[in-house]
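Colleague: First to last, the sequence lines map onto chains P and R. If you read the first sequence in our numbering, its first letter stands for residue 347, the second for the next number, and so on. If you read the second sequence in our numbering, its first letter stands for residue 197, the second for the next number, and so on. I have a structure here, written as structure tokens, and I will follow up with some questions on it.
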Amino acid sequence: GQQLNQSPQSMFIQEGEDVSMNCTSSSIFNTWLWYKQDPGEGPVLLIALYKAGELTSNGRLTAQFGITRKDSFLNISASIPSDVGIYFCAGTDSWGKLQFGAGTQVVVTP
Amino acid sequence: GAVVSQHPSWVICKSGTSVKIECRSLDFQATTMFWYRQFPKQSLMLMATSNEGSKATYEQGVEKDKFLINHASLTLSTLTVTSAHPEDSSFYICSAREFRVGSKNIQYFGAGTRLSVL
Numbered sequence: 347g348q349q350l351n352q353s354p355q356s357m358f359i360q361e362g363e364d365v366s367m368n369c370t371s372s373s374i375f376n377t378w379l380w381y382k383q384d385p386g387e388g389p390v391l392l393i394a395l396y397k398a399g400e401l402t403s404n405g406r407l408t409a410q411f412g413i414t415r416k417d418s419f420l421n422i423s424a425s426i427p428s429d430v431g432i433y434f435c436a437g438t439d440s441w442g443k444l445q446f447g448a449g450t451q452v453v454v455t456p
Numbered sequence: 197g198a199v200v201s202q203h204p205s206w207v208i209c210k211s212g213t214s215v216k217i218e219c220r221s222l223d224f225q226a227t228t229m230f231w232y233r234q235f236p237k238q239s240l241m242l243m244a245t246s247n248e249g250s251k252a253t254y255e256q257g258v259e260k261d262k263f264l265i266n267h268a269s270l271t272l273s274t275l276t277v278t279s280a281h282p283e284d285s286s287f288y289i290c291s292a293r294e295f296r297v298g299s300k301n302i303q304y305f306g307a308g309t310r311l312s313v314l
């Protein structure tokens, strides 16, 4: 079963606000990835993290690989309507498999 | 770069028929492809791992005779849902991992296939 605990489950925010979500794991991951999925589409990679403590930005997105290698967060600054979607964290375990979090539904209102 | 094409995007079939879904890596070679299933409002569930030229590895609880996987080349894997029934209706998504020394072991996903079995 899933080892990742992703929170929050959903967020309703106003345009311009910042968004923050995180994932924790019961075990160590070698890689942390953040994907976004739009309805009826496959996940699209947003940010990939490879080293403990790594902080990486991609435009308005910022993500960090936790020092303990058991957690990661994703921040979205100054949200816009097209940020709507489901965000998934994923970690690569020691067998090379990708474990997914349950997802965070983001809704942005004008 | 790193584009994965999945076809068809949507299929409706009668109960008892078989459906084939294709997954292609368009601009890179993928020794390993993955097949996931996703139920509404849920996360992705790994069904099987497909390695080029060898038999797929199925996750616990996934029937290998029901979900046939073929990975005949470094750019193509297929999933065939045999004798489909309404409970097989779901969103199926493939992903591909690039084969290259120094590659980052990232999975890139197709756009998914919505299967509806009547």
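For each residue, glycine too, the CB sits at the ideal point set by N, CA and C.
How about Phe434/P: is its C-beta nearer than 8 Å to some C-beta of chain R?
Modeller: So yes, Phe434/P belongs to the interface.
Colleague: Can you grab the Cα-Cα spacing for the pair Gly347/P / Trp441/P, in whole Å?
Modeller: Bear in mind that the predicted position of Gly347/P carries a pLDDT of just 48, short of 50, making it too unreliable to give a figure here.
Colleague: What's the gap between the Cα of Thr450/P and the Cα of Pro389/P?
Modeller: Taking the straight line from one Cα to the other gives about 13 Å.
Colleague: Determine the DSSP secondary structure at Asp417/P, reduced to helix, strand or coil.
Modeller: In the structure shown, Asp417/P sits in a strand (DSSP, three-state: E or B).
Colleague: Could you name the residues of the region 383-394 of chain P whose beta carbon sits closer than 8 Å to any beta carbon of chain R, in the order they occur along the chain?
Modeller: Per Cβ criterion, the list reads Gly386, Glu387, Gly388, Pro389, Val390, Leu391 and Ala394.
Colleague: Under 9 Å between beta-carbons, which chain P residues line up against Ala307/R? List them in chain order, please.
Modeller: Chain P residues near Ala307/R: Gly386, Glu387 and Gly388.
Colleague: Tell me, please, whether the CB atom of Gln256/R is closer than 8 Å to any CB atom in chain P?
Modeller: No, Gln256/R lies away from the interface with chain P (no Cβ there is under 8 Å from its Cβ).
Colleague: Look up Glu283/R in the DSSP assignment and say whether it is helix, strand or coil.
Modeller: Glu283/R: helix per DSSP, three-state reduction.
Colleague: Taking the continuous beta strand (DSSP E) assigned at Trp441/P, which residues delimit it?
Modeller: No beta strand (DSSP E) holds Trp441/P; DSSP gives it neither H nor E.
Colleague: Can you tell me which of the three DSSP states Ser373/P falls into?
Modeller: Coil at Ser373/P, not helix or strand.
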